[in-house]
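What follows is a set of notes on a single structure, which appears directly below.
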Amino acid sequence: MDSIVIQIASFHHVGYAHDISDLIQESAQKRGTGIAKRSPSYITQKINEQKAIIAVTNFGELVGFCYVESWGNTKYVANSGLVVHHKFRNQGVAKKIKKLAFQHSIKMFPEAKLFGLTTSLPVMKINSELGYEPVTFSELTDDDAFWKGCESCINYEILQKKDRRNCLCTGMLYDPVINKMKKKHFWNKSKWLSKWANIKKKMGDNKLSI
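In numbering that gives the first Met the number 0, the protein residues as written are 0 to 209.
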């Protein structure tokens, strides 16, 4: 079985740009849902900016891809175009690509809110595990450049008719500030429970010694 390497893409991977562009388009056509088209030149740009995650086999075969975009003066960041070749699906590759893209995005843009639009249930599940929550479109970026990227999606007409309020996609958002507060609350609760368990243990030990 081929081993799969998942990493931040570099200039060494520019040669995959056409295959990645084709894979994104093929995936959208097969699913009949909206992954916006991305040209080889756009993919190349993302690779050169080190804003992409690529998965390849040890023999150099393309497995999957995802890229990072920033909007609204880097206040919002999206991990977009997540695709995995059909030969390598159901192996947890998409989850690993998404996780690395998520970690890379936080490192590059620590103050940004991470968001995404998707019709894919597996992607929604992965996002939820990473801390994303479903939100209304009004909570996403209002950057026109982002919404312009939806023009090549087959569902764009629906988005226009709804005045960008909703579509077939589900909006999901990861807010680093809220997530940090949740972690702090969880840590404080865990600390309290641990302290309470120790008190109960001591009370139990005292009862036994009487």
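Cβ coordinates follow ideal geometry from the N, Cα and C atoms, glycine included. Predicted model, so just to flag it, every value in this text is computed and none were measured.
Using DSSP's beta-bridge definition, name the partner residues of residue i.
i, result
"Met-171", "Gly-115 and Pro-133"
"Gly-63", "Ala-54 and Val-83"
"Val-76", "Ser-69 and Leu-113"
Assuming contact is defined by CB atoms lying nearer than 8 Å, are residue i and residue j in contact in what I supplied?
i, j, result
"Phe-66", "Ala-111", "The residue asked about is misnamed: residue 66 is Tyr in this sequence, not Phe. No, Cβ-Cβ distance for Tyr-66 and Ala-111 is not below 8 Å."
"Gly-115", "Asn-72", "no"
"Val-92", "Phe-64", "no"
"Arg-37", "Ser-26", "no"
"Ile-46", "Ala-8", "yes"
"Phe-145", "Trp-70", "yes"
"Ala-54", "Ile-125", "no"
"Asn-154", "Leu-167", "yes"
Which of the three DSSP states is assigned to residue i in this structure?
i, result
"Leu-207", "At Leu-207 the pLDDT is 44, less than 50, meaning the model places this residue with poor confidence; the figure from the coordinates comes in the next sentence. Leu-207 falls in the helix class under three-state DSSP."
"Gln-49", "coil"
"Gln-6", "strand"
"Lys-161", "coil"
"Asp-18", "helix"
"Asp-141", "coil"
"Ile-153", "coil"
"Gln-44", "helix"
"Lys-94", "helix"
"Trp-186", "Any answer about Trp-186 is weak, because its pLDDT of 49 lies below 50 and its placement is not dependable; what the coordinates show is given next. It is helical."
"Ser-38", "coil"
"Arg-30", "helix"
Output the distance between the C-alpha atoms of residue i and residue j, rounded to the nearest integer angstrom.
i, j, result
"Leu-207", "Lys-179", "Unreliable positioning characterises Leu-207 in this predicted model, as indicated by a pLDDT of 44, which lies under 50. A coordinate reading is not provided."
"Asn-57", "Ala-16", "18 Å"
"Leu-139", "Thr-43", "26 Å"
"Leu-22", "Lys-86", "12 Å"
"Lys-97", "Ile-3", "15 Å"
"Gly-170", "Ile-157", "15 Å"
"His-12", "Leu-61", "10 Å"
"Phe-108", "Lys-50", "11 Å"
"Ser-127", "Val-176", "17 Å"
Cβ contact (3+ pairs, closer than 8 Å) linking the stretch 157-177 and the stretch 135-149: Because the criterion of three Cβ pairs below 8 Å is met, the stretch 157-177 and the stretch 135-149 touch.
Segment contact, 8 Å Cβ cut-off, at least three pairs: the stretch 132-145 with the stretch 97-108: The stretch 132-145 is not in contact with the stretch 97-108.
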